[in-house]
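Residue numbers (our numbering): 136 to 513.
Here it is, written out as structure tokens:
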């Protein structure tokens, strides 16, 4: 009798636990697992229990973010059996992350806009390394290293970045630390460091990003000039409204304003988030360096390479993609990059001048248009 009573109680407890899990736990705490077997390259079925409990939360399109920070938009269809199937765009996600038969994918629901973070494991149960470097040819981690600020004996050239206006390719010096896991296998060096390495060409949006030629200043803010894609251009009234939003900028800190393009948050290409030449020339100098980005409201920091060429100035690479992904930036967001300045004694006198300390650090404030007006995101 005692065993039967315990069994009955366990059944009730399990039902209560299931209810609490699906109805009361935060969505971002929920996961599901899928083994890649059979014809997995063309489509993937969402587990029925997960799909049923998220009825209304999974839209007709989901966003899958791989370990590299890249995001794929996947269409959702209903099968004849009533199952939710990831299909349009799924093959590109599989190919882009090198997913093979026997691999296991762990999906974590983010609770925002039908988005999932995906971890990819090989048949042995160990996480695969290659998905962490999608689109970066193995440089995703090296770009975040402090050693990337300057070249040197160990400097190597990354695959070229393509300027949208003239198609010219430029190589960036990148420091790889000795005796570290960031070293590149010898078999890969020829294709990685060759001047003949092909880069994916930028589309029209990327050309507009790079084409931030002459910056304009409005009040204490620096704005890029209008680009080729009209939907990302700020009107005069937009600039006035942005200048009036109560952003917690420290007095004396210069601010550069950039509208986020879809290519900034979705593309795996070497696109560049353009920086006003006026702002870059005055505060960042004509030197390629590493810039630290921070979010005052969230904490944390991201190390992002800054490129400076004849017609190109801006942020690029895995460091930027990680920042955009972690902060869930979307197209048409407006980022205010506040450069942190400190007082320093001028050489040979008692006067004081303003400059940034160590490496440049920027606090990024994000504005989003909600119901026709810009609001500051926390």
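We put the beta carbon where it would ideally sit given N, CA and C, even for glycine. From a predicted model like this one, the values you see are computed outputs, not experimental measurements.
Just so you know, the alpha carbons of residue 253 and residue 200 end up roughly 6 Å apart. Going by C-alpha positions, residue 443 is about 50 Å away from residue 188.
In this structure, residue 428 and residue 499 form a Cβ contact; the two beta carbons are roughly 5 Å apart against a cut-off of 8 Å. Burial is judged here by how many other beta carbons sit within 10 angstroms of a residue's own beta carbon; residue 390 has at least 16 and is buried.
The C-beta of residue 438 has 16 or more other C-beta atoms within 10 Å across all chains shown, which makes the residue buried. Rounded to the nearest whole angstrom, the CA to CA distance from residue 184 to residue 355 is 53 Å. By the neighbour-count criterion, in which a residue is buried when 16 or more other Cβ atoms sit within 10 angstroms of its Cβ, residue 213 is exposed. Annotation for residue 472: the continuous beta strand (DSSP E) segment containing it runs 469–474.
Inclusion of residue 203 and residue 268 in the CB contact set at 8 Å is warranted, their separation being smaller than that value.
Put simply, of 198, 392, 227 the residue whose alpha carbon is nearest the alpha carbon of residue 413 is 392. Within the model, the alpha-carbon separation for residue 222 versus residue 367 is close to 30 Å. Contact between residue 409 and residue 449 holds, since their C-beta atoms are separated by about 4 Å, short of 8 Å. Of the residues 249, 507, 424, the one whose Cα lies closest to the Cα of residue 440 is 424.
Contact between residue 509 and residue 377 holds, since their C-beta atoms are separated by about 6 Å, short of 8 Å. Beta bridge pairing from DSSP links residue 503 with 510. By the neighbour-count criterion, in which a residue is buried when 16 or more other Cβ atoms sit within 10 angstroms of its Cβ, residue 470 is buried. For residue 212, the enclosing beta strand (DSSP E) has its first and last residue at 206–213.
The secondary-structure analysis by DSSP pairs residue 440 across a beta bridge with 425. Counting every other CB atom within 10 Å of its CB across the protein chains shown gives residue 365 a total below 16, marking it as exposed.
Per the C-alpha coordinates, the member of 374, 261, 394 positioned closest to residue 238 is 261. Scanning 182, 358, 397 for the CA closest to the CA of residue 375 turns up 358.
With respect to residue 211, residue 196 sits close: the two C-beta atoms are nearer than 8 Å. Excluding sequence positions up to five before and after residue 250, its CB lies within less than 6 Å of the CB of 198, all in the same chain and listed in chain order. Counting along the chain, residue 377 sits inside the alpha helix (DSSP H) bounded by residues 371–379.
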